[in-house]
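Peer 1:
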Amino acid sequence: MPKIVLTDVTKRWDSFYAVDHLDLTIEDCSFVTLLGPSGCGKTTTLRMIAGLETPTSGCIEIGDRVVFDSEKGINVPANKRKIGFLFQNYALWPNMTVYQNIAFGLKNLKTMTKAQIDARVAEVSKLVKIEPFMNRYPAELSGGQQQRVAIARTLAPEPQVIFMDEPLSNLDAKLRLEMRSELQRLHLTTGRTFVYVTHDQMEAMTLASKICLIENGLLQQYDAPLTVYNYPNNLFVADFVGNPSINFVDAEGEQAADGAMNLRILGDHEATLSFKEPLKIEDWREALKKKHEDREAVLAERRKQKKHVEKGNKDTVFKYPVAYVDDVPADDRPVTDRDYVLGIRPEFVKIVEEGGIEGEIYGAMPTGMETTIRVRIGNFLLTGVVFGGVTYAIGEKIRLAFEGTNIMLFDKASGDLVGVGSAEIR
Ligand SMILES: Nc1ncnc2c1ncn2[C@@H]1O[C@H](COP(=O)(O)OP(=O)(O)O)[C@@H](O)[C@H]1O
Ligand SMILES: [Mg+2]
């Protein structure tokens with residue numbers, strides 16, 4: 004099976020950059036999800052690799068073959084790229100049986116005998132467990148069974164790479180969960196490369212060997228799901244993955260001689276963040292400055308080129324949400340090097356007997372397995388998850404602390420992750 008390499012691939016319509024200078028390597032046999040909010044460029048990326056959309060510039064290789072190169076004028080047509088496609092609206096042919104639906108593409112190939120086609124249909128039907136239904140029509144199948152037929156139809160011609168664009172979005176929640184685990188199994192048994200588009204972070208987290216998170220056409224992070232979850236590159240990524248969403252807490256302060264960050268948070272509380280990996284803030288700021296200069300140099304270089312078109316859909320620093328009880332006026336104080344944002348996943352908000360910060364239960368939603376709580380501290384609201392069947396009364400006074408070594412510190416001005424560590428309330 005081949006690996007797929009995108010080099011500096013751009014797709015724009017006039018000054019709108021749907022995909023902005025994307026470099027991406029999809030490893031052989033991997034399960035990569037393209038994740039991001041609606042309109043960020045996921046489908047466009049997939050369609051360009053498949054040959055259904057022509058990039059404005061860049062180069063795409065599948066295996067050792069260049070299928071697109073804007074400089075060299077190479078553009079291999081879609082039907083020669085050996086890619087199987089499963090779309091969001093996977094319409095089956097209503098007047099054909101399950102067998103006929105799956106066999107249709109194989110007959111079109113005109114390279115297989117009837118016996119070979121029969122064998123192949125039987126094989127893929129077994130894989131997705133629809134053998135008992137071969138003579139039924141789509142209308143006689145449940146949603147999940149129809150979905151399986153669509154998958155079998157995609158697998159039948161033995162594509163090297165299988166692309167799926169939100170294939171489960173038409174299914175109900177329970178079935179979606181079931182199909183997710185089937186897709187995971189299918190990925191293992193077929194040994195193919197899967198590229199899967201979704202706007203659902205949970206789907207991306209559970210399925211992928213690697214998540215490619217995109218925003219406004221720009222790659223934000225390309226890593227294994229747990230890396231994305233625990234070490235998000237920036238505030239946008241931290242906010243996009245995780246359910247319930249991460250808590251963002253404004254923090255102000257500096258690094259002490261011992262390396263810990265002394266921060267003022269949630270009004271007048273003092274916290275100390277000790278980095279998991281030793282880190283000097285000065286060095287980090289130096290590296291950030293270099294990164295911005297390099298980026299500016301790249302942009303300046305691009306602007307010199309004759310064909311350059313300025314990006315109309317400008318990139319902005321993500322406006323991270325902070326939850327308040329009562330709305331507060333916008334803070335227009337200039338951001339300095341003393342301004343940070345703490346990122347605290349709900350599972351690290353811990354109710355403690357003593358110490359910590361005093362708060363009040365503002366909301367409590369038990370599901371049986373866990374309870375999602377909202378805690379009020381002054382005008383601030385934090386979300387926590389407590390495991391087990393615990394009940395809390397609204398208005399109950401509690402004390403709260405931050406657990407573990409994965410509390411995140413972001414630089415407020417750039418939105419970039421500085422580091423992670425443990426946070427102690429002083
Ligand atoms: N043919 C087109 N002409 C102009 N803009 C387009 C066209 N196709 C897509 N776009 C725009 O490009 C952006 C990315 O689209 P798409 O890749 O479909 O997003 P998604 O991440 O939701 O799959 C969207 O803002 C969309 O409106
Ligand atoms: Mg799409």
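In this note's numbering, the protein residues as written are 4 to 429. Built from N, CA and C at the ideal position, the CB exists for glycine as well.
Taking Cβ positions, are Val231 and Ile214 nearer each other than 7 Å?
Peer 2: Against a cut-off of 7 Å, the Cβ pair of Ile214 and Val231 comes out as a contact.
Peer 1: When DSSP labels each residue in this structure, what does Ala241 get in the three-state scheme?
Peer 2: Helix at Ala241.
Peer 1: Would you mind reading off the limits of the alpha helix (DSSP H) that contains Asn246?
Peer 2: Counting along the chain, Asn246 falls outside any alpha helix (DSSP H), and DSSP gives it neither H nor E.
Peer 1: Would you say the beta carbon of Ser73 is closer than 6 Å to some non-hydrogen atom of ligand 1?
Peer 2: Flag unset: Cβ of Ser73 not near ligand 1.
Peer 1: Counting only the same chain and skipping the five closest in sequence on each side, list residues whose C-beta sits under 7 Å from that of Asp387.
Peer 2: Inspection of the sequence shows that residue 387 is occupied by Gly rather than by Asp. Taken in chain order, the residues that qualify are Pro349, Val352, Ile376, Val378.
Peer 1: Which class does Gln224 belong to by DSSP, given the choice of helix, strand or coil?
Peer 2: Note: Gln224 maps to strand in three-state DSSP.
Peer 1: Would you say the beta carbon of Thr36 is closer than 6 Å to some non-hydrogen atom of ligand 2?
Peer 2: Incorrect: Thr36 has no Cβ contact closer than 6 Å to ligand 2.
Peer 1: Starting from Ile52, follow the alpha helix (DSSP H) in both directions and report where the run begins and ends.
Peer 2: Looking at the DSSP string, the run of the alpha helix (DSSP H) that includes Ile52 is 45–53.
Peer 1: So Asn219 and Asn78 are in contact, right, with Cβ under 8 Å, and what is the actual spacing, rounded?
Peer 2: Actually they are not in contact, since the Cβ atoms of Asn219 and Asn78 sit about 26 Å apart, beyond 8 Å.
Peer 1: If you reduce the DSSP assignment to three classes, tell me which class Leu112 lands in.
Peer 2: If DSSP states are grouped into helix, strand and coil, Leu112 belongs with the helices.
Peer 1: Around the Cβ of Asp1, are there at least 16 other Cβ atoms within 10 angstroms (buried) or fewer (exposed)?
Peer 2: Residue numbering for the chain in the displayed model covers 4 to 429; residue 1 lies beyond these limits and cannot be assessed.
Peer 1: Whole angstroms is fine: what's the gap from Glu64's alpha carbon to Ile86's?
Peer 2: Taking the straight line joining both Cα atoms gives about 13 Å.
Peer 1: Residues bridged to Met368 by DSSP?
Peer 2: Answer by DSSP bridge pairing, in chain order: Thr375.
Peer 1: DSSP three-state label for Asn82, please.
Peer 2: Of the three classes helix, strand and coil, the one that applies to Asn82 here is helix, per DSSP.
Peer 1: Is Val12 near Pro58, with beta carbons less than 7 Å apart?
Peer 2: Contact: yes.
Peer 1: Alpha carbon to alpha carbon, how far is Asp242 from Leu221? Give it in angstroms, no decimals.
Peer 2: Taking the straight line joining both Cα atoms gives about 16 Å.
Peer 1: Sorry if obvious, but does the Cβ on Cys32 come closer than 6 Å to a heavy atom of ligand 1?
Peer 2: Answer for Cys32: no, Cβ out of range of ligand 1.
Peer 1: Relative to the C-alpha of Lys415, which candidate in Glu427, Arg341, Gly381, Arg183 has its C-alpha closest?
Peer 2: Answer by Cα proximity: Arg341.
Peer 1: Where Cys43 and Thr100 are concerned, what is the direct C-alpha to C-alpha distance, given to the nearest angstrom?
Peer 2: Near 37 Å, if we compare the C-alpha coordinates of Thr100 and Cys43.
Peer 1: Taking 7 Å as the CB-CB limit, is Ser33 close to chain B?
Peer 2: In summary, chain B is missing from the structure at hand, where a single protein chain is found.
Peer 1: Given this structure, state the Cα-to-Cα distance separating Met51 from Met264, to the nearest angstrom.
Peer 2: Answer to the nearest angstrom: the Cα atoms are 45 Å apart.
Peer 1: Of all the options Asn237, Tyr102, Pro281, which has the alpha carbon lying nearest to the alpha carbon of Gln134?
Peer 2: The sequence shown places Glu at residue 134, rather than the Gln named in the question. Nearest of Asn237, Tyr102, Pro281 to Glu134, Cα basis: Tyr102.
Peer 1: Between Tyr20 and Lys310, is the Cβ-Cβ spacing less than 7 Å?
Peer 2: Going by C-beta atoms, Tyr20 is not nearer than 7 Å to Lys310.
Peer 1: With a CB to CB cut of under 8 Å and the five nearest residues on each side skipped, what residues in its chain are close to Pro97?
Peer 2: Excluding sequence neighbours, Pro97 sits near Tyr140, Pro141, Ala142.
Peer 1: Return yes when the C-beta of Lys45 is under 6 Å from any heavy atom of ligand 2, and no when it is not.
Peer 2: At least one heavy atom of ligand 2 is nearer than 6 Å to the Cβ of Lys45, so yes.
Peer 1: Exposed or buried, Ile249, counting other C-beta atoms within 10 Å across all chains shown (16 or more means buried)?
Peer 2: Counting Cβ neighbours within 10 Å, Ile249 comes out buried, since at least 16 surround it.
Peer 1: Leaving out five residues on either side along the sequence, give the residues of the same chain with a beta carbon under 7 Å from the beta carbon of Leu109.
Peer 2: Within the same chain, Leu109 has close Cβ partners Met115, Ile120, Arg123, Ala159, Pro160.
Peer 1: Would you mind sorting Met167 into buried or exposed? The rule is 16 or more other CB atoms within 10 Å of its CB.
Peer 2: Met167 comes out buried.
Peer 1: Going by alpha carbons, who is nearest to Ser128 out of Ile154, Lys279, Glu356, Arg195?
Peer 2: Per the Cα distances, Ile154.
Peer 1: Within the chosen definition, does the segment 360–373 reach the segment 410–426 through at least 3 CB pairs nearer than 8 Å?
Peer 2: Judged by Cβ distances under 8 Å, the segment 360–373 makes no contact with the segment 410–426, as fewer than three pairs qualify.
Peer 1: Measuring alpha carbon to alpha carbon, tell me which residue in Asp329, Phe390, Asp286, Arg183 is nearest Leu210.
Peer 2: Cα-wise, what sits closest to Leu210 is Arg183.
Peer 1: Based on the DSSP output, what are the partners of Asn265 in its beta bridges?
Peer 2: In the DSSP output, where bridge partners are listed per residue, Asn265 has Glu257, Thr275.
Peer 1: Please list, in chain order, all residues of the same chain as Leu420 whose beta carbon is under 7 Å from its beta carbon, the five residues on each side excluded.
Peer 2: The residues are Tyr234, Pro235, Asn236, Asn237, Met411, Phe413.
Peer 1: Helix, strand or coil for Glu357, going by three-state DSSP, please let me know.
Peer 2: Coil at Glu357, not helix or strand.
Peer 1: Please say whether Pro247 and Gly262 have beta carbons closer to each other than 7 Å?
Peer 2: Not in contact: Gly262 and Pro247 (Cβ atoms no closer than 7 Å).
Peer 1: Around the Cβ of Ala408, are there at least 16 other Cβ atoms within 10 angstroms (buried) or fewer (exposed)?
Peer 2: Here residue 408 turns out to be Thr, not Ala, going by the sequence shown. Exposed.
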